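S.K.:
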Amino acid sequence: MRSTAAVLLVTVFTVTSFASNWPEFRGPSGDGHAGDADLPVAIDDSVVKWKTPIHGKGWSSPVVWGDQIWLTTATEDGTKMSVLCVDRNSGTIVHDKVLMENDSPAFCHPMNSYATPTPVIEAGRVYIHFGSYLTACLDTADAEVIWKREDLECDHHRGPASSPILHDGKLFIAYDGYDVQYVVALDKQTGETVWKKQRQIDYGTNDGDRMKAYCTGHVITVNGQEQLVYPSAVATIAYDPSDGETLWTVYHEGMNASARPLYGDGLVFITNGMGSMVAVRPDGKGDVTGTHIEWSGRKGVAKKSSQLLVGGLLYMNSDDGVITARDPKTGDLTWQERAGGSFAASPIYAGGRIYCFSTEGDIVTIQPGQDYQELAKTKLGDGFMASPAVVDDQLILRSKSQLYLIER
1 MRSTAAVLLV TVFTVTSFAS NWPEFRGPSG DGHAGDADLP VAIDDSVVKW
51 KTPIHGKGWS SPVVWGDQIW LTTATEDGTK MSVLCVDRNS GTIVHDKVLM
101 ENDSPAFCHP MNSYATPTPV IEAGRVYIHF GSYLTACLDT ADAEVIWKRE
151 DLECDHHRGP ASSPILHDGK LFIAYDGYDV QYVVALDKQT GETVWKKQRQ
201 IDYGTNDGDR MKAYCTGHVI TVNGQEQLVY PSAVATIAYD PSDGETLWTV
251 YHEGMNASAR PLYGDGLVFI TNGMGSMVAV RPDGKGDVTG THIEWSGRKG
301 VAKKSSQLLV GGLLYMNSDD GVITARDPKT GDLTWQERAG GSFAASPIYA
351 GGRIYCFSTE GDIVTIQPGQ DYQELAKTKL GDGFMASPAV VDDQLILRSK
401 SQLYLIER
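Mind the numbering: the sequence shown is residues 1 to 408 in our numbering, read in order.
So this is what it looks like as C-alpha cells:
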C-alpha cells in the first residue's frame, strides 16, 4: 500500500502546470518545441543556476515532472545501470539507484552508451528503459520498482538507443536489433504485453548489422485515424496504436536511424540514419513508396539528431557541424551554414529562438528565418550528446559529465 505522503505527492504533481513538465524525448509534443519559454540568448557559465556532476556515461535526455528531473546513467563498461532523480530547485540528487547489474554486458559502440534511451515520466510514475536489459516502471516518490520486464530480447549489436513513448495507456518500444526486429506495446499499469508485431520489412540482406535502428516513435492523427510512426532500417512503418496493425510502409534505405519522425504541413519527415531523408504523405495504405513520397534529399541531412519545424522552415544540425534550413514542402535548401564541430543532440525552439548543442560544448543560438542569423555562440561544459529539456523559463542541459540548470 502506498503511504499517505506518496499519495499527496502524486496529487501535487497532477495539478502541476503543463509548462512545468518535459515528459519524454523532445518534450510534450515530441518535436523539440518549448513554446514561449524565456531563455537567455547566450548560454554560458554566467546563466548557470546550478550544476551537478553525473557519474558514469549516459546519453539519455533529462525528463521533468514538477520539481523532479530524471535521467539514467551506466558505468562505461555497462556492468551497472542506474537511474537518478535530481531536485530542480537545488540540483541535489534525491535518488541514485542501481537498477541492473550485468556480469558480461554485450558490446556497445564507444559513440553510444549503455544508458542512451530517454525515460518517460507522468504523474507518480517514471518509465526507465535500458533496451533488452531492462524496462521498468518506478514510483517517483521513492524510486521503488512497480513492475519490470527483462524478457524482451534483442541483440542491439552496438548498444540500445530507442526511447519509449507513452500514449493511451500504453508504453511503446521498438527493438530493431541485429537478430530480431519488432515493436511492442506494454500496458503502462502492469507492464504486460498488449501487442507485439514483428517488422514486416524486406531488408534486402541477411546481414543483421544493416537491419538495426535506434528510433523513437511518434503518434500522429491523420483524417481522424491515429498512427504510430516507427522508422526502422530500410523502411518506416505506421501502425494502428490500438492493436499494432500496419497502416502503411515506406522504403527509404538506410540503417542506424535514430531521429524521431516529425509531422507537419501534412507530411511526415523521416531521416534514415545514413544522411538522407524523405517527406511522406501519411494518408496511404500498404506500401506507399511509389505513391506518397513527396520529396527526398541528402544535402545537410543529419544522421543522428532530430529535425525542427518552425515558421514554415525545416531546420537541422548535422553530424559535420552544418546547420540548414529547407522548405518542408519541396525539400529545397533555404540556407546552409557551417557552425563548426559536430552535432548529435537535437535542437530546440524556445521563445522565438533556435538553440543547437554540439558534442564539443558549443551552443549556437539562431533567429529562425529566411537567412542565417546567429545571435550567440558560446561554450559550456564538455560537450552534449543528450538533447535538452525546457520547463517554465528554465533550460536543463546534460553534458557528458554534468547536469545544468540555466535561467536568466
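The beta-carbon is built from N, C-alpha and C at its ideal position, and this holds for glycine as well.
Note that the coordinates shown come from a computational prediction; the quantities given were computed from them, not determined experimentally.
Cα separation between Met111 and Thr92?
M.R.: For Met111 and Thr92, the distance between alpha carbons rounds to 29 Å.
S.K.: Applying the criterion that 16 or more other CB atoms from any shown protein chain within 10 Å of the CB defines a buried residue, is Asn256 buried or exposed?
M.R.: Under this definition Asn256 is a buried residue.
S.K.: Please specify which runs of the beta strand (DSSP E), each continuous and at least 3 residues long, are wholly inside the segment 67-101, giving them in chain order.
M.R.: Qualifying beta strand (DSSP E) stretches, in chain order: 68-74, 80-87, 93-101.
S.K.: So Ala123 packs on Val390, CB below 8 Å; how close in whole Å?
M.R.: Not a contact, Cβ separation roughly 19 Å.
S.K.: Distance, Cα to Cα, Ser232 vs His252?
M.R.: Spanning the two alpha carbons is a distance of roughly 10 Å.
S.K.: With distances taken Cα to Cα, identify the nearest neighbour of Ser29 among Val364, Tyr263, Thr271, Pro282.
M.R.: With distances taken between Cα atoms, Ser29 lies closest to Tyr263.
S.K.: From this set, Val194, Lys285, Ser296, which residue's C-alpha is nearest Asn272's C-alpha?
M.R.: Ranking Val194, Lys285, Ser296 by Cα distance to Asn272 puts Ser296 first.
S.K.: Please determine if the segment 164-176 and the segment 118-133 are in contact, where contact requires at least 3 C-beta pairs separated by less than 8 Å.
M.R.: These segments touch.
S.K.: Considering just the uninterrupted stretch of the beta strand (DSSP E) at Ile270, what are its terminal residues?
M.R.: Its beta strand (DSSP E) spans residues 267-271.
S.K.: Go through the segment 192-252 residue by residue and report every complete run of the beta strand (DSSP E) that reaches 3 residues or more, in order.
M.R.: Listed in chain order, the complete beta strand (DSSP E) runs (minimum 3 residues) inside the segment 192-252 are 193-198, 218-222, 225-231, 235-239, 246-251.
S.K.: For Val86 versus Thr72, is the C-beta distance shorter than 8 Å?
M.R.: It is not a contact, given that the beta carbons lie outside the stated cut-off.
S.K.: Per DSSP, Asn21 forms a beta bridge with which residues?
M.R.: Note: Asn21 sits in a beta bridge opposite Trp65.
S.K.: Whose C-alpha, out of Arg149, Gly286, Asp283, is nearest the C-alpha of Ala136?
M.R.: Minimum Cα distance to Ala136 is reached at Arg149.
S.K.: Under a CB-based cut-off of 8 Å, is Asp287 close to chain C?
M.R.: No chain C is part of this structure, which consists of one protein chain only.
S.K.: For Ala302, which option in Val288, Gly284, Ser346 has the closest C-alpha, if you only look at C-alpha atoms?
M.R.: Measuring from the Cα of Ala302, the nearest candidate turns out to be Ser346.
S.K.: Let me check understanding here. Comparing Cα to Cα, which of Thr75, Cys356, Gly27 lies closest to Gly321?
M.R.: Measuring from the Cα of Gly321, the nearest candidate turns out to be Cys356.
S.K.: Let me check understanding here. Comparing Cα to Cα, which of Gln227, Thr236, Asp176 lies closest to Asp209?
M.R.: Looking at the Cα atoms, Asp176 is the closest of the given residues.
S.K.: Let's test the definition: count the other Cβ atoms within 10 Å of the Cβ of Ser90 and tell me whether it reaches 16, buried, or not, exposed.
M.R.: Ser90 comes out exposed.
S.K.: Between the C-alpha atoms of Ser61 and Gly312, what's the straight-line distance to the nearest angstrom?
M.R.: Whole-angstrom Cα-Cα distance: 27 Å.
S.K.: Below 7 Å CB to CB, which residues in the same chain sit around Val194 once its five sequence neighbours on both sides are set aside?
M.R.: For Val194, where only same-chain residues beyond five positions count, the Cβ hits under 7 Å are Lys170, Ala185, Leu186, Asp187.
S.K.: To the nearest angstrom, report how far apart Ile54 and Leu247 are at their CA atoms.
M.R.: C-alpha separation (whole angstroms): 42 Å.
S.K.: Considering only their Cβ atoms, is the gap separating Val63 from Ile406 smaller than 8 Å?
M.R.: In this structure, Val63 does not lie closer than 8 Å to Ile406 by Cβ.
S.K.: Could you work out which residue in Glu226, Leu99, Gln307, Phe107 is closest to Val145 when comparing CA atoms only?
M.R.: Looking at the Cα atoms, Leu99 is the closest of the given residues.
S.K.: Secondary structure at Val47, three-state DSSP: helix, strand or coil?
M.R.: In the structure shown, Val47 sits in a helix (DSSP, three-state: H, G or I).
S.K.: Closest by CA to Pro160, which one among Ala42, Lys196, Arg338, Gln181?
M.R.: For the residues Ala42, Lys196, Arg338, Gln181, the minimum Cα distance to Pro160 belongs to Gln181.
S.K.: Reducing DSSP to helix, strand and coil, say where Met277 ends up.
M.R.: Met277: strand per DSSP, three-state reduction.
S.K.: Quick one: what's got a C-beta closer than 6 Å to His33's C-beta in the same chain, skipping five residues either side?
M.R.: The answer, listed in chain order, is Tyr349.
S.K.: Pro388 to Ile69, Cα distance in whole Å?
M.R.: Whole-angstrom Cα-Cα distance: 12 Å.
S.K.: Assign Tyr107 to buried or exposed, taking buried as 16 or more other Cβ atoms, counted over all protein chains shown, within 10 Å of its Cβ.
M.R.: Per the sequence shown, residue 107 should be read as Phe rather than Tyr. Result: exposed.
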